[in-house]
Amino acid sequence: MPKWKGKYVSQDPTSTGLGGGLQFMYYHPELGPEFMKRLFGDMQPVFGRDRRQITDWLAQGRYSLCVGCRESTKAKNQGLPVDELDNVDWKEGLELTTGGGSMSLIKGGPNPNAAKVFINWFLSRRGQIALQKYSDLYGEDAPNSRRMDIPKDMLMPTSRLIAGKKYFDVSDPKYADMTPMFNLIKDVIKGRETK
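Take the sequence shown: its letters are residues 23 to 217, numbered as in this note's numbering.
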């Protein structure tokens, strides 16, 4: 890792957007808090809050690596010199998260039976195919159903779940507490600033 010291840009880990990735790093038994200290502290990344801007910096060659870039596949398709690492077969596996794809039923809503009917349809094979059918509207952020019995060919390769591949499910409730990882990151950043 020392060869990348100061040569990578990251979305500010205290802002929104890296949640699942942070949970993956913090709670994964092969990574954990020490990995995060090295990644966000020792490696001296430059932090940015605008994900498109940090993608631009990567494409311009200002940095060699980017954590939290946005629309890098789109940039690659436009001929810019960037690529994704999401399809690499990491020994730790890949994060699996609900991201923004969670659904809730409001207690005391106006028509709970209609809501239940909709939720049942939405989670059915037909409902999940309909969701993925419109994935071209979402680009890289296309929703990927966890159902493996539906076609995935409309999704970008980096958005597809692959049967038999190793995943670490950060949406498991035991990984829900983000407080310790944010406290760690704040301490790491504060430590960098005082040096």
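By construction, the Cβ of each residue, glycine as well, lies at the ideal position given by its N, Cα and C atoms. This structure is a prediction, so every number in the text was calculated from the model and none was measured.
Beta-carbon proximity of residue i to residue j, cut-off 7 Å
| i | j | result |
| --- | --- | --- |
| K59 | V192 | no |
| M65 | K27 | yes |
| I76 | V139 | no |
| L206 | P55 | yes |
| E137 | L127 | For the sequence presented, residue 137 should be read as Ala rather than Glu. For A137 and L127, yes; Cβs fall inside 7 Å. |
| L80 | V110 | no |
| L153 | N166 | no |
| S37 | R71 | yes |
| E106 | S124 | no |
Closest by C-alpha distance to residue i, when choosing among the options
| i | options | result |
| --- | --- | --- |
| L183 | R214, W143, E117 and M200 | E117 |
| G11 | G213, Q75, A185 and P55 | Not covered by the structure: residue 11. The range shown for the chain is 23 to 217. |
| Y85 | V68, D72 and L107 | V68 |
| E215 | L40, I172 and G63 | G63 |
| D171 | K155, Y156 and I151 | I151 |
| E52 | K196, A198, F204 and F190 | F190 |
| D199 | F46, P173, K25 and Q33 | F46 |
| W112 | K187, G70, R148 and K25 | K187 |
| G39 | R147, S167 and T119 | T119 |
| L61 | S167, Q82 and Q33 | Q33 |
| R169 | K155, S146 and P195 | S146 |
| K155 | G213, G42, W143 and P173 | P173 |
| L44 | P202, Q100 and G213 | P202 |
| K83 | Y48, D194, I141 and K29 | Correcting the residue type first, residue 83 is Gly in the shown sequence and not Lys. Of the candidates Y48, D194, I141 and K29, the one whose C-alpha sits nearest the C-alpha of G83 is K29. |
| L87 | F57, N142 and K25 | K25 |
Residue i, DSSP secondary structure in three states
| i | result |
| --- | --- |
| E52 | coil |
| Y197 | helix |
| D19 | Since the first residue shown for the chain is 23 and the last is 217, residue 19 is missing from the structure and cannot be characterised. |
| L183 | coil |
| L118 | strand |
| W143 | helix |
| T216 | helix |
| P132 | coil |
| K208 | helix |
| K138 | helix |
| K25 | helix |
| G43 | helix |
| M176 | coil |
Any non-hydrogen atom of the ligand SAM closer than 6 Å to residue i Cβ
| i | result |
| --- | --- |
| K129 | Summarising the ligand content, the structure contains no ligands, and the ligand SAM is consequently not present. |
Residue i, enclosing alpha helix (DSSP H) - first and last residue
| i | result |
| --- | --- |
| Q150 | R147 to K155 |
| S94 | S94 to N99 |
Limits of the unbroken beta strand (DSSP E) element including residue i
| i | result |
| --- | --- |
| S167 | Note, S167: premise wrong, no beta strand (DSSP E); not H, not E. |
| V31 | Y30 to Q33 |
- Query: Which parts of the stretch 48-92 are runs of the alpha helix (DSSP H), unbroken and 4 residues or longer, counting only runs that do not cross its ends?
  - Reply: The stretch 48-92 contains these whole alpha helix (DSSP H) runs: 54-59 and 73-82.
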